[in-house]
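Colleague: Taken in sequence, the protein lines are chains A and B. Residues 1 to 290, numbered by UniProt numbering, are exactly what the first sequence covers, in order. Residues 1 to 290, numbered by UniProt numbering, are exactly what the second sequence covers, in order. Would you mind keeping the following structure in view while I ask a few things?
There are 2 protein chains.
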Amino acid sequence: MAPPYPPSAAAAAAARLLLFSVLIAASFSCSAAAAGDVPRALTLDSVRESLIRQEDSIVFSLLERAMHRRNSAAYDSSFLPPASLAEFFVRQSEIISAKAGRYLNPEEVPFFPDYLPEPLVHPHSPPQVLLHPASATVNVSKEIWRIYTREMVALFTEEGDDGDHGSTVASDLVLLQALSRRIHYGRFVAEVKFRDAPDDYIPLIKSKDRVGLMELLTFADVEESVKRRVEKKAMLFGQNVTLDDKAGRNNTGGRGKYKVDPEVAARIYGEWVIPLTKLVQVEYLLRRLH
Amino acid sequence: MAPPYPPSAAAAAAARLLLFSVLIAASFSCSAAAAGDVPRALTLDSVRESLIRQEDSIVFSLLERAMHRRNSAAYDSSFLPPASLAEFFVRQSEIISAKAGRYLNPEEVPFFPDYLPEPLVHPHSPPQVLLHPASATVNVSKEIWRIYTREMVALFTEEGDDGDHGSTVASDLVLLQALSRRIHYGRFVAEVKFRDAPDDYIPLIKSKDRVGLMELLTFADVEESVKRRVEKKAMLFGQNVTLDDKAGRNNTGGRGKYKVDPEVAARIYGEWVIPLTKLVQVEYLLRRLH
């Protein structure tokens, strides 16, 4: 029986971290560097656009995971103690993803970074990393994992076990990656906000005022809009589409029958996605002057 | 540099095939067997419901893949000759999926079955496999792979290279799996149709009349409805959702701006998904009396 990760990969981790640092450094010395032939800029607009698009990915992934029953046994550590089937699957998948170069993109953050091998592939040119190096490593993966397996899955899946744990953990992987990308995108949000108005942040950063930073980053009305939009997406994407009705219209008045309760999708954002993104922003900013 | 698949896995393939045969045999000797604690029946209604739900998965996956540029280099065999990055990623992912038990579910068909290891996990009870053993092995994976990498990707992605090949092939995997599941679901469609009216099929099967079988399985109006529903789903799921408008209403009149051209989504169904599903049905039926 294979271990959750090959011990031989441990040796490659340091080299990978070094490569990552070099790429970050390279991007700062060459601001015009682009990944592939498509330049990616970091602006308030591009960040907002990405956050909105990522809502779609999260709702799609919620709907895909919700096709399966809860299948609690997939999160039970008795599979390869102390790893659950879900942890085994995500660890192994991240090893392949690392080889395929997924983590050369700074938007992608692995859940289990300690034993990842070097990429076998390199982008044509280094990705345009625009994060502050000392802040780029902010990471709340452990918290996402804990919340997902212990609280979140139970909210939007039907109780029971359909026996199809292999496909279940594959859909967990996609959803976990979408949640992690969105939450860790807080690093890009914070970077853009800081550059836009550094004088607002510098005093709070210098005095390590977490509460003050959190207040500065909190816009209750914007957060409410995000939750309402996610709820609407869960309605639109989770409805039973037929050719009889005008597309989506008959599903917006009442709750109807949706594949994931739209209120639950909004709650996942309100309770976890938004607060964790803000936590990432605060932690990022606290290291922004290092 | 690791090979696309571990040679050590080859030895386990025969054992896995044996296990699969045993599971299929078991299901026939015990028709009440259920996967997990949730029984799954195979009826005309359940098959239709599954086909409709799988449209959602395919449209979601198209939209996720379309977030990336075409990134043609990911399909170039120069990565680990003769394997492309996409092939490397899918092969390696299927090894993990096999260990996690994905292929214990007969709805899941791997693209590269020859070197898959045994599952490390077993469902609580064998899955309720209801396919005819001699027909269950019908497989058009090679054709799906060829069409996907050589023709389909170019239809719904924007030209260019964003350098993010790792995430690209991960979204290819999800889409390829959704397409393969839908197309190979033709085996279940054929089984249900055969059981519903065996006398319609038996003479054609006995005379190996492919053309006659294909005619019997073809309902032009139903196919047209499927394409229109897929088009509508691509509109609904691929629109830019805002809180301003009534959900979806303003996007159903005109073509508007969608993340994947809804006509292309319908075309993917009309040119490949539907014909390949029917091909699977014909091949399944031809072996149904063995």
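Ideal placement from N, C-alpha and C gives every residue a C-beta, glycine not left out.
I want to see whether chain A comes within less than 8 Å of Ile268 of chain B, judged by CB atoms only; does it?
Modeller: Indexing the second sequence from 1 puts residue 268 of chain B at position 268. Ile268 of chain B does not count as touching chain A.
Colleague: Quick check: the stretch 110 to 124 of chain A against the stretch 200 to 210 of chain A, are at least 3 beta-carbon pairs closer than 8 Å?
Modeller: Contact between the stretch 200 to 210 of chain A and the stretch 110 to 124 of chain A is absent, because fewer than three Cβ pairs lie under 8 Å.
Colleague: CB Phe188 of chain A to CB Val59 of chain A, shorter than 8 Å?
Modeller: For the purposes of this step, residue 188 of chain A is identified with residue 188 of the first sequence, where counting begins at 1. For the purposes of this step, residue 59 of chain A is identified with residue 59 of the first sequence, where counting begins at 1. Result no, Cβ atoms of Phe188 of chain A and Val59 of chain A do not sit closer than 8 Å.
Colleague: For Ala74 of chain A, does the three-state DSSP call read helix, strand or coil?
Modeller: On the first sequence, residue 74 of chain A is found 74 positions in, with the first residue counted as 1. Of the three classes helix, strand and coil, the one that applies to Ala74 of chain A here is helix, per DSSP.
Colleague: Can you tell me which of the three DSSP states Leu131 of chain B falls into?
Modeller: Counting from 1 along the second sequence, the entry for residue 131 of chain B is found at position 131. Three-state result, Leu131 of chain B: coil.
Colleague: Determine the DSSP secondary structure at Ala170 of chain A, reduced to helix, strand or coil.
Modeller: On the first sequence, position 170 is the one that residue 170 of chain A refers to. Looking at Ala170 of chain A - three-state DSSP - the assignment turns out to be helix.
Colleague: Would Val174 of chain B pass as an interface residue toward chain A - the criterion being a Cβ-Cβ separation below 8 Å?
Modeller: Numbered from its first residue, the second sequence carries residue 174 of chain B at position 174. Yes, Val174 of chain B counts as interfacial toward chain A.
Colleague: Counting only beta-carbon separations shorter than 8 Å, does Asp164 of chain A have a partner in chain B?
Modeller: Position 164 of the first sequence, counting from 1, holds the residue named residue 164 of chain A. Yes, contact with chain B.
Colleague: Can you list, in chain order, the residues of its chain whose CB lies under 6 Å from that of Thr270 of chain B, leaving out five sequence neighbours each side?
Modeller: For the purposes of this step, residue 270 of chain B is identified with residue 270 of the second sequence, where counting begins at 1. What sits at residue 270 of chain B in the sequence shown is Gly, not Thr. Within the same chain, Gly270 of chain B has close Cβ partners Lys227.
Colleague: CA-CA distance, Arg53 of chain A and Gln239 of chain B?
Modeller: The residue given as residue 53 of chain A occupies position 53 in the first sequence. The residue given as residue 239 of chain B occupies position 239 in the second sequence. Computed Cα separation, rounded: 10 Å.
Colleague: Rounded to the nearest angstrom, what separates Asp261 of chain B and Leu80 of chain A at their Cα positions?
Modeller: Here the question's residue 261 of chain B lines up with position 261 in the second sequence. Here the question's residue 80 of chain A lines up with position 80 in the first sequence. Roughly 45 Å separates the two Cα atoms.
Colleague: From the beta carbon of Glu94 of chain A, is the nearest beta carbon of chain B less than 8 Å away?
Modeller: In the first sequence, residue 94 of chain A corresponds to position 94, counting from 1. Not one chain B Cβ lies under 8 Å of Glu94 of chain A.
Colleague: Check each residue of the stretch 137 to 167 of chain A: if its Cβ is closer than 8 Å to any Cβ of chain B, include it; give the result in chain order.
Modeller: Residues passing the 8 Å Cβ filter: Gly160, Asp161, Asp162, Gly163, Asp164, His165, Gly166 and Ser167.
Colleague: If I measure Cβ to Cβ from Trp145 of chain B and keep anything under 7 Å in the same chain, skipping five residues before and after, which residues do I get?
Modeller: For the purposes of this step, residue 145 of chain B is identified with residue 145 of the second sequence, where counting begins at 1. So the qualifying residues of the chain are Phe111.
Colleague: When you compare the CB positions of Thr157 of chain A and Arg267 of chain A, do they come within less than 8 Å of one another, or not?
Modeller: The count along the first sequence starts at 1 and reaches residue 157 of chain A at position 157. The count along the first sequence starts at 1 and reaches residue 267 of chain A at position 267. For Thr157 of chain A and Arg267 of chain A, no; Cβs fall outside 8 Å.
Colleague: If Glu231 of chain B sits next to Ala265 of chain B, beta carbons under 8 Å apart, how far is it from one beta carbon to the other, in whole angstroms?
Modeller: Position 231 of the second sequence holds residue 231 of chain B. Position 265 of the second sequence holds residue 265 of chain B. Yes, they are in contact, since the Cβ atoms of Glu231 of chain B and Ala265 of chain B sit about 6 Å apart, within 8 Å.
Colleague: Report buried or exposed for Glu107 of chain B, applying the criterion of at least 16 other Cβ atoms within 10 angstroms of its Cβ.
Modeller: The count along the second sequence starts at 1 and reaches residue 107 of chain B at position 107. That one is buried.
Colleague: If we cut at 8 Å on Cβ distances, does Lys278 of chain A have a partner in chain B?
Modeller: In the first sequence, counting from the first residue as 1, residue 278 of chain A sits at position 278. Not an interface residue.
Colleague: Beta carbons nearer than 7 Å to chain A: which residues of the stretch 214 to 244 of chain B have them?
Modeller: Under the 7 Å Cβ criterion, the stretch 214 to 244 of chain B contributes Ser225, Arg228, Arg229, Lys232, Lys233, Met235, Leu236, Phe237, Val241 and Leu243.
Colleague: Leu85 of chain A versus chain B: which residues are under 7 Å apart at the beta carbon?
Modeller: Here residue 85 of chain A is taken as the residue at index 85 of the first sequence, counted from 1. Residues of chain B passing the Cβ test: Ala100 and Val121.
Colleague: Is it buried or exposed for Leu44 of chain B, if we count other Cβ within 10 angstroms and need 16 for buried?
Modeller: For the purposes of this step, residue 44 of chain B is taken as residue 44 along the second sequence, with counting starting at 1. Per the 10 Å Cβ criterion, exposed.
Colleague: Within a Cβ cutoff of 7 Å, which residues of the same chain sit near Glu55 of chain B, ignoring the five residues on either side of it in sequence?
Modeller: Locating residue 55 of chain B in the second sequence gives position 55, counting from the first residue. The residues are Arg229, Val230 and Lys233.
Colleague: Roughly how many angstroms separate the alpha carbons of Gly166 of chain B and Lys193 of chain B, rounded to a whole number?
Modeller: The residue you call residue 166 of chain B lines up with position 166 of the second sequence. The residue you call residue 193 of chain B lines up with position 193 of the second sequence. Each residue's alpha carbon lies about 41 Å from the other.
Colleague: Taking 8 Å as the CB-CB cut-off, is Leu44 of chain A touching chain B?
Modeller: Numbered from 1 along the first sequence, position 44 holds the residue referred to as residue 44 of chain A. Not closer than 8 Å to any Cβ of chain B, the Cβ of Leu44 of chain A fails to qualify, so no.
Colleague: From the DSSP output, in three-state form, read off Ala83 of chain A for me.
Modeller: For the purposes of this step, residue 83 of chain A is taken as residue 83 along the first sequence, with counting starting at 1. Here Ala83 of chain A sits in strand by DSSP.
Colleague: Taking the straight line between their C-alpha atoms, what separation do you get for Ala178 of chain B and Asp244 of chain B?
Modeller: Taking the second sequence and counting its residues from 1, the one referred to as residue 178 of chain B is at position 178. Taking the second sequence and counting its residues from 1, the one referred to as residue 244 of chain B is at position 244. Straight-line Cα distance between these residues: approximately 33 Å.
Colleague: Taking DSSP's pairing of strands, which residues face Arg69 of chain B in a bridge?
Modeller: Within the second sequence, residue 69 of chain B is the residue found at index 69, counting from 1. In the DSSP output, where bridge partners are listed per residue, Arg69 of chain B has B:Glu158.
Colleague: Which two residues bound the contiguous alpha helix (DSSP H) that contains Trp145 of chain B?
Modeller: Within the second sequence, the letter at position 145 stands for residue 145 of chain B. Trp145 of chain B -> alpha helix (DSSP H) spans Ser141 to Ile147.
Colleague: Just checking: is the beta-carbon of Arg53 of chain B within a distance shorter than 8 Å of some beta-carbon in chain A?
Modeller: Along the second sequence, read from residue 1 onward, the residue named residue 53 of chain B stands at position 53. Yes, Arg53 of chain B counts as interfacial toward chain A.
Colleague: Hey, how far is the Cα of Asp164 of chain A from the Cα of Gly101 of chain B?
Modeller: In the first sequence, residue 164 of chain A corresponds to position 164, counting from 1. In the second sequence, residue 101 of chain B corresponds to position 101, counting from 1. Those two C-alpha atoms are separated by around 8 Å.
Colleague: Check whether the stretch 136 to 144 of chain A and the stretch 277 to 285 of chain A are in contact - that is, three or more C-beta pairs closer than 8 Å.
Modeller: Short answer: they touch.
Colleague: Which residues bound the alpha helix (DSSP H) around Lys193 of chain B?
Modeller: Position 193 of the second sequence, counting from 1, holds the residue named residue 193 of chain B. Residues Gly186 to Asp196.
Colleague: Taking Thr277 of chain A as part of the alpha helix (DSSP H), name the residues at either end of that continuous run.
Modeller: Your numbering for residue 277 of chain A matches position 277 in the first sequence. Per DSSP, Thr277 of chain A belongs to the alpha helix (DSSP H) from Ile274 to Leu286.
Colleague: What's the C-alpha gap between Ile95 of chain B and Pro117 of chain B?
Modeller: What you label residue 95 of chain B is simply residue 95 of the second sequence in a count that begins at 1. What you label residue 117 of chain B is simply residue 117 of the second sequence in a count that begins at 1. Near 6 Å, if we compare the C-alpha coordinates of Pro117 of chain B and Ile95 of chain B.
Colleague: In its own chain, which residues sit with a C-beta less than 8 Å from the C-beta of Asp199 of chain A, not counting the 5 before and 5 after it?
Modeller: If you number the first sequence from 1, residue 199 of chain A lands on position 199. Taken in chain order, the list of residues that qualify is empty.
Colleague: Between Tyr185 of chain A and Leu51 of chain A, is the Cβ-Cβ spacing less than 8 Å?
Modeller: To locate residue 185 of chain A, count along the first sequence from 1; it is residue 185. To locate residue 51 of chain A, count along the first sequence from 1; it is residue 51. Result yes, Cβ atoms of Tyr185 of chain A and Leu51 of chain A sit closer than 8 Å.
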